[in-house]
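Protein chains in written order, with my numbering: chain A, 40 to 370; chain B, 40 to 370; chain C, 40 to 370; chain D, 40 to 370.
4 protein chains.
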Amino acid sequence: SSETSDFHMNRPLVPGVYVPTMCFFEEGTEDVDTETIARHAVRLARAGVTGLATQGSNGEAVHLTHAERQLVTVTTRKALNESGYAHMPIIVGCGSQSTRETIQLCREAWEAGGDYALVLPPSYYAPLFAPASETVTSFFTAVADASPIPIIIYNFPGAVGGLDLSSDVIVQLSRHPNIVGVKLTCGNTGKLARVVAATRKSSPSTAGGNSSQNHPDFLVLAGSADFTLQSLVVGGHGILAGLANIAPKACVRTMQLYSEGKVAEAQAMQEVVAQGDWTAIQGGVVGVKSGLQGWMGYGGHARSPLPRPNAEQANKWKEGFRELVMLEKSL
Amino acid sequence: SSETSDFHMNRPLVPGVYVPTMCFFEEGTEDVDTETIARHAVRLARAGVTGLATQGSNGEAVHLTHAERQLVTVTTRKALNESGYAHMPIIVGCGSQSTRETIQLCREAWEAGGDYALVLPPSYYAPLFAPASETVTSFFTAVADASPIPIIIYNFPGAVGGLDLSSDVIVQLSRHPNIVGVKLTCGNTGKLARVVAATRKSSPSTAGGNSSQNHPDFLVLAGSADFTLQSLVVGGHGILAGLANIAPKACVRTMQLYSEGKVAEAQAMQEVVAQGDWTAIQGGVVGVKSGLQGWMGYGGHARSPLPRPNAEQANKWKEGFRELVMLEKSL
Amino acid sequence: SSETSDFHMNRPLVPGVYVPTMCFFEEGTEDVDTETIARHAVRLARAGVTGLATQGSNGEAVHLTHAERQLVTVTTRKALNESGYAHMPIIVGCGSQSTRETIQLCREAWEAGGDYALVLPPSYYAPLFAPASETVTSFFTAVADASPIPIIIYNFPGAVGGLDLSSDVIVQLSRHPNIVGVKLTCGNTGKLARVVAATRKSSPSTAGGNSSQNHPDFLVLAGSADFTLQSLVVGGHGILAGLANIAPKACVRTMQLYSEGKVAEAQAMQEVVAQGDWTAIQGGVVGVKSGLQGWMGYGGHARSPLPRPNAEQANKWKEGFRELVMLEKSL
Amino acid sequence: SSETSDFHMNRPLVPGVYVPTMCFFEEGTEDVDTETIARHAVRLARAGVTGLATQGSNGEAVHLTHAERQLVTVTTRKALNESGYAHMPIIVGCGSQSTRETIQLCREAWEAGGDYALVLPPSYYAPLFAPASETVTSFFTAVADASPIPIIIYNFPGAVGGLDLSSDVIVQLSRHPNIVGVKLTCGNTGKLARVVAATRKSSPSTAGGNSSQNHPDFLVLAGSADFTLQSLVVGGHGILAGLANIAPKACVRTMQLYSEGKVAEAQAMQEVVAQGDWTAIQGGVVGVKSGLQGWMGYGGHARSPLPRPNAEQANKWKEGFRELVMLEKSL
């Protein structure tokens, strides 16, 4: 059927701004709020982002059942398709402790209309890995072998007990035909430079933009908006960053200005983005939801046991985003 | 029906040796091996332990689906009931990141015949807790309010990104009528002494045993076998320790000797246990399974991506348990 | 001269309570306050402790110059000698990052009248150790070869970036003729049991005391007062614990009661000690000094940049020690 | 005298490449090798670097006495002055645990001819800080008030038990007239962007270079060579990076190419630098010395207990730098 083809059409992974979307819940029941999820996805798409990612840290993946994860992804896919964004790819967070469940999540992501799987390494038993790099490599290889959708490696030491994948490990994994990118939330732009250099087949891009970079063999994404330019200048391909839930246009425009060679303007915008991101980094999903609620009138709260900001805290999060939101509204 | 009553009969939490049982898998498929799970449970019961715990770290809880978790607990419950151990309690690991899923796991544990829920605090979003002790307290209170079975707090900083519950927090939580104990895997016996002192209503036990301690108001368990006596001497009530999968009788006998006032003999046995535990601590679920396979002829491997020991490693794990197994066989 | 012989007489390392003494400073200048240092040392000696340790964490070793370290040790030695405690040994903290400076500190400790050197492993460059256990072993061996006084290994992961010496490493080092003990501040009493078992030549002691333990070949000390009994019950030889600055008699009496076989009384006293220690653990040198000032009228403040408690905080530290101080005064 | 004026002349802190120089030792005695220290300093100066820094992590500050620290700085100062580099500034590592000793080190640094003091926050008693940001701010303020030379904040969480100064704290401290810069070894280029933005008075520089940036009010330096461009693109002023001991010209040229607007060439060179830096990051002072010895014929070994590479390891370090050294020799 056409719906099936809409669900599973080819959506290439190209440079740009990707948004790990928030998951929203009904206020009283904490049930998944599909209406807000759909509305938020469309808002982001209309702002010009390149793709969305469900079930990242901002999407509260660890608070969702398998069925809820699929509901969120299906809702997002349908909302995009119905609003004219059928070509926009969805990345789905699929990390888990066992190889078996990770593969299962990749399959369920595909069923729900996901195009790529973002996979954290397992870490609960990390002291038993023998050694870590070998077990991690085996894990990603087994998952990539079995997954119906391509894998994006997710390097986020803060979420996995400090386990930090080196450039060597990432470069080795990049050779697998079904591993197509990495999100570096570690913030290590030296590592990012090494990974870009080792995985790029074409010549390096220039500050003035480079069409040969439009379909990189291996997509290297910064995990936070506060190091967008810092990644682009060494050949990075964009960001997958929670702050874009608040200010998608500012994130997109920062990249555009740089690729158009307007470095000083890009730098000025990057500064506002970086300052706003400081609030997002400190507040995490709690602060970003509070900021959304304060400025956009929706957002609500994270699932329990995450705390709900009191009035003073909510105001603090709102004010932390003020300058960025003013910029966003001017774009 | 009688089966239902068997499932949900009253099984008090008394001092003793509790075993966080391994979960076993078919060699090729990695499917749950219910036959071995049942056989192992009965072996432990016959060795004289006080209770079992499914879905701890040794039980690879993070590698199991909800349905598999129930299968393991049901299998264990039935195996005990059918072998004359219907009165032996089963503790079920129920920790999760959301309050919602944790309560769900407690309900499923009860449905599967579990008697108590062992609950880790959530930690994925710990930097957003406000402050940690308050969010943790709210979490445990909400879970205990809703759970059909009583809660045992699981303090294991190594499994939750370093989140370490203080004696103050544990003592405060102990006042909840549905929170009945704590497993201290942190190894902090000073904390253990404070918790015992603050939660005990009767007078302290003596080295010679004390029947008034048979039904403590709040059960304080050491999380490793290598500090059994160190816990008992300050009023602790026993252990919930992975090493008992290898040497249940030695663990039980160490406690008995101490409670009979045979301190020197207890100390001598504790030394062998502590040395064997060093192998279990280093090898974790990989090493303990390897030791079981080497000495008892069953055990197999942990689920992927946990590595499988090669011949040399398997021999190292086996030898690490030799002295302890010799002791065990002599009891 | 007789003074020299007083300085360097043979002072065996026997089981008991050792106190890592505070270092005191003049209020305005932060210069070393030798008068209070001397008075404090004599107070502790009169309370019946077995030995003192200068330049531990409580002694603010990292805040002192080499000359000040010697001044503190000389002052302590002279105060003891002049008060009739010439036989009381002094342990001197001598850890440093280079083998060279560590040996120098050991020599200076000896010159100042120190009897034993307490040595932390270096950790600044720990990621470059190859591997850690080998470099640490080489370090301790080189220091013990060159030091004029015997070495006590100091295992305190919290002070050295998490570097935690295993029982294997400690047991291996214990074979060096000039390495005579270990202070375990890690709180790992399972490790303590393994080290005691492996380093003891005679038979294990009983709860009723054992004279054959009076001169152990390798002294194993708990690093905090809150696990005194927990160490003794597996053959440990005592404590080297900051809390004894506040309540030396209670610490000594806890050990005595246990060695006299009065386990229930020892346990009751251990509870008060453990609760008081919780304040000392939280407050560290800042809280213990504040407690001393509040209850004994001396103590002052730690060197900058350590903060000075305001009135509210000072009261909190004082109250945290109330029950323990009441016990101490009753002894 | 003219020598005194040479020692203490005004040497502004300008953007560029700063090298934390290695400290060299005689092979047998491990005594300070002043001849090699002088020779190395001159080699770096001739390669075109902007300044040197003694007593950083690469300079083994923690292995040196106060007198040796002064010897190293004096030797470096004299070597520069005698070779025509009297105007080249020297930064001196002065971090210590007490405010008192830190000020003393700043004074000694000035006496030895140092121009700026690079200061780590104290961390040994960090859990007692109240709160960390307040104690750290007090510390830096007191040091800056008393130091005869301006202070550069050194943010290197890996060296101080994870203590990581936020952009808020750094920006607040930048307002002190005697705090003139920061070295960010944390690698957090988002933080770097925030600090640059908040401390800059003039307009942002462009990729094409900007003379108004020649005397920034607050100098923001990257702590590793592998994120040079990533810092420059958001207004950073250069690097203070150990890799420049191996390849000073490549580091300098990378910056120059970028400031000349040759971004693609800068990027290509940055890739080689970043790959070489991966070896320096893994090997630390041990690997960099080994690389120097392998390629330049001098370097020797770090002080004990740092391990000495065997032949195989030495070859690994040498090969890790091959591509970079080939580039360096071509410049």
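Backbone N, C-alpha and C fix where the C-beta goes; we use that ideal spot for every residue, glycine too.
Beta-carbon proximity list for residue i, same chain, < 6 Å, skipping 5 on both sides
| i | result |
| --- | --- |
| D:Val81 | Ala118 and Ser122 |
| A:Lys230 | Ser206 |
| C:Ala77 | Thr114 and Ala118 |
| A:Glu367 | Ala286, Lys288 and Ala289 |
| C:Gln109 | Glu147 and Ala151 |
| B:Gly132 | Gln94, Gly95, Ala100 and Leu157 |
| B:Ala86 | Pro287 and Lys288 |
| B:Val208 | Ser172 |
Nearest residue (CA-CA) to residue i, options the options
| i | options | result |
| --- | --- | --- |
| C:Pro54 | C:Gly274, C:Leu223 and C:Leu370 | C:Gly274 |
| D:His340 | D:Ser329, D:Ala350 and D:Asn349 | D:Ser329 |
| A:Thr318 | A:Tyr124, A:Gln295 and A:Gly281 | A:Gly281 |
| D:Glu66 | D:Pro59, D:Leu296 and D:Thr75 | D:Thr75 |
| D:Val101 | D:Thr224, D:Ser369 and D:Pro344 | D:Pro344 |
| D:Val199 | D:Phe360, D:Leu103 and D:Ser162 | D:Ser162 |
| A:Gly326 | A:Gly338, A:Pro346 and A:Trp356 | A:Trp356 |
| C:Tyr155 | C:Phe195, C:Thr93 and C:Pro196 | C:Thr93 |
| D:Trp333 | D:Phe168, D:Pro348, D:Leu370 and D:Ala232 | The sequence given here has Gly at residue 333 of chain D, not Trp. Measuring from the Cα of D:Gly333, the nearest candidate turns out to be D:Pro348. |
| C:Val272 | B:Val259, B:Thr228, B:Pro51 and B:Glu69 | B:Thr228 |
| D:Ala264 | D:Lys222, D:Glu140 and D:Asn217 | D:Lys222 |
| B:Gln352 | A:Pro170, A:Gly359 and A:Ser177 | A:Pro170 |
| A:Gly391 | A:Asn194, A:Pro255 and A:Thr68 | What the structure shows of chain A is the stretch from 40 to 370, and residue 391 of chain A is not part of that stretch, so it cannot be assessed. |
| C:Ala125 | C:Asp184, C:Met48, C:Arg361 and C:Val58 | C:Met48 |
| A:Gly220 | A:His254, A:Asn97 and A:Val311 | A:His254 |
| B:Gly201 | A:Gly197, A:Ile278 and A:Val182 | A:Gly197 |
Any non-hydrogen atom of the ligand NAP within 6 Å of residue i CB
| i | result |
| --- | --- |
| D:Gly300 | Annotation note on the ligand NAP: not contained in the displayed structure, which lists no ligands. |
Residues that residue i bridges to, as DSSP identifies them
| i | result |
| --- | --- |
| D:Phe63 | D:Phe63 is not bridged to any residue. |
| D:Ile129 | D:Leu91 |
| B:Tyr155 | B:Ile130 |
| D:Leu258 | D:Gly220 |
| D:Gly275 | DSSP lists no partner for D:Gly275. |
| D:Tyr57 | D:Gly90 and D:Leu279 |
| D:Ile190 | D:Ala156 and D:Ile218 |
| D:Val71 | D:Phe64 |
Cut-off 7 Å between Cβ atoms - residues of its own chain near residue i, not counting five sequence neighbours on either side
| i | result |
| --- | --- |
| D:Asn249 | With a pLDDT of 42 at D:Asn249, under the threshold of 50, the modelled position of that residue is not reliable, and the figure given next carries that caveat. So no residue of the chain qualifies. |
| D:Pro346 | Val325 |
| A:Pro128 | Arg50, Leu52, Gly90, Asp154 and Tyr155 |
| D:Glu304 | Leu296 |
Cut-off 8 Å between Cβ atoms - residues of its own chain near residue i, not counting five sequence neighbours on either side
| i | result |
| --- | --- |
| C:Met308 | Ala289, Arg292, Thr293, Leu296 and Leu366 |
| D:Phe4 | The structure shown does not extend to residue 4 of chain D, since chain D is modelled only from 40 through 370, so no value can be given for it. |
| B:Ser369 | none |
* Let me know the beta strand (DSSP E) ranges lying completely inside the stretch 194-243 of chain D, each 3 residues or longer, listed in chain order. => 218-223
* Asked: Got a sec: which bits of the stretch 308-337 of chain C sit with their beta carbon under 9 Å from any beta carbon on chain D, in order along the chain?
  -> Gln321, Gly322, Gly323, Val324, Val325 and Gly326
* Asked: Quick one, which residues of the stretch 162-175 of chain D are near chain C if we go by CB-CB under 7 Å, in chain order?
  -> Tyr163, Tyr164, Pro166, Leu167, Phe168, Ala169 and Thr174
* Residues of the stretch 264-280 of chain A with a CB closer than 7 Å to any CB of chain D: list them in chain order, please. => Asp265, Phe266, Leu268, Gln269, Val272, Val273 and Gly274
* Mind listing which residues of the stretch 338-363 of chain B have their C-beta closer than 7 Å to chain A's C-betas, in chain order? -> Arg342, Ser343, Pro344, Leu345 and Pro346
* What residues in the stretch 113-138 of chain A bring their beta carbon closer than 9 Å to a beta carbon of chain B? -> Ser135, Gln136, Ser137 and Thr138
* Can you list, in chain order, the residues of the stretch 217-235 of chain C whose Cβ is nearer than 7 Å to any Cβ on chain B? -> Gly226, Asn227, Thr228, Gly229, Ala232 and Arg233
* Please name the residues in the stretch 46-71 of chain D whose beta-carbon is closer than 9 Å to at least one beta-carbon of chain C, in chain order. => Glu69
* Asked: According to a CB-to-CB cut-off of less than 9 Å, which residues of the stretch 102-113 of chain D neighbour chain C?
  -> His102, Leu103, Thr104 and His105
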